[in-house]
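Let me begin by presenting the structure, written as structure tokens, before commenting on it.
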Amino acid sequence: MIRPPYLKSGDRVAIIATAKKIAFGDIKGAIELIESWGLKPMLGQHLYQSFNQFAGTDEQRAYDLQWALNNPDIKAVLFARGGYGTVRIIDRIDWSSFAASPKWLCGFSDLTVLHSHVLENVGVETLHSSMPIFFKDGIENTGSQSLQSALFGKSVGLEWISHELNKNGTASGQIVGGNLSVLYSITDSVSDIKTDGKILFLEDLTENLYHIDRMVMQLKRAGKFKNLAGLVVGQFTDLTDNEVPFGQTVEEIVLDAVKDYSFPVAFNAPIGHVAENEAVFHGRNCLLTVSESTSLSF
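Each residue of the sequence shown is one higher than the one before, starting from -11 at the first, in my numbering.
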């Protein structure tokens, strides 16, 4: 597994948008905060473009990503926001320059397709992390601090309060995963993630509970849990239910799907669409400990 170099003061970082559009000036505070870290942001040519719901056309968004990957002065790529759209351009990208000179790719949610694609096709670690839209006012939060710490090589892992439904145990292996809806959507594609012997983490938002069950069942039927080393369940926020309730919580849905397996399961991880979204080195070997306290150590 290839690990990009950590950043140092004075390094240039790109800020681009490969999914949902973003208004001009909407992340001004975030850009200023990134500058306060000693970094020099370079904005993608089409960052503030608009085409339907996207940050520009597929061609424009792909252009900015290719520019950021190919530019030798750029040491990390920060994706401004998620939404939907990265999957539409992922197959347009030439990864040869990135493979020869890797740099940190930082984001989550819709960027799950990028994390998975890069791991499976290029073999490079990436950063599942907060994005500028989540600290757009320029005020630090746990997510932005965790991103900064990870970029400069100071992150050692995550620790959080154990959940009553956890399945205790320890596991080690590569950590992979991200947004459940995106993982579901890329199953059996060139970007699909392999999970055998690995620690899988999941998060999602604004989904109906029965949709969660449908997607978890798809992962199970696709063999994603069969040889898993461990499972980490992050934040599932702003969920909905039908008039006739589905009848299970997210935790109960997951436990029902993995009841035949012995690997440890940790709920309530600080990963997902929250200000406390902590950075995970996607593709890195780590140790999962699920007991009175729960931790991921890189």
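Just so it is clear, CB atoms sit at the ideal spot from N, CA and C, and this is done for glycine as well.
- Contact between the stretch 10 to 22 and the stretch 120 to 127 is present: three or more C-beta pairs spanning the two stretches fall below 8 Å.
- When DSSP states are grouped into helix, strand and coil, G157 belongs to the strand group.
- Under DSSP, I(-10) shares a beta bridge with V112.
- In this structure, the beta-carbon distance from R(-9) to E113 falls below 8 Å.
- In the DSSP assignment, R69 falls outside any beta strand (DSSP E) and carries neither an H nor an E.
- The beta carbon of S279 sits closer than 6 Å to the beta carbons of N156 from its chain, once the five residues preceding and following it are set aside; these are given in chain order.
- With the rule of 3 Cβ pairs closer than 8 Å, the stretch 86 to 104 does not count as touching the stretch 222 to 233.
- By the criterion of at least three beta-carbon pairs nearer than 8 Å, the stretch 148 to 167 is in contact with the stretch 209 to 228.
- Between the alpha carbons of G70 and A43 lies a gap of roughly 10 Å.
- Rounded to the nearest whole angstrom, the CA to CA distance from A2 to G17 is 16 Å.
- Apart from sequence neighbours up to five positions away, the residues of its chain that approach Y172 with a beta-carbon distance below 6 Å are M203 and Q206, ordered along the chain.
- In its chain, beyond the 5 residues on either side, H103, T114 and H116 have a beta carbon closer than 6 Å to the beta carbon of H270.
- With respect to the 8 Å criterion, I149 and A68 are not classified as neighbours on the basis of their beta carbons.
- Judged by their CB atoms, F213 and V246 are nearer to each other than the 8 Å cut-off.
- Non-local beta-carbon contacts of N196 in its own chain, meaning distances under 6 Å to residues more than five positions away in sequence, involve T228 in chain order.
- Residue state for I187 is assigned as strand, using DSSP reduced to three classes.
- Counting only residues of its own chain and dropping the five nearest sequence neighbours on each side, A7 has a CB closer than 6 Å to the CB of G70, G71, Y72, G73, T74 and D98.
- Residue burial is scored here from C-beta neighbours: F12 has fewer than 16 other C-beta atoms within 10 angstroms and is therefore classed as exposed.
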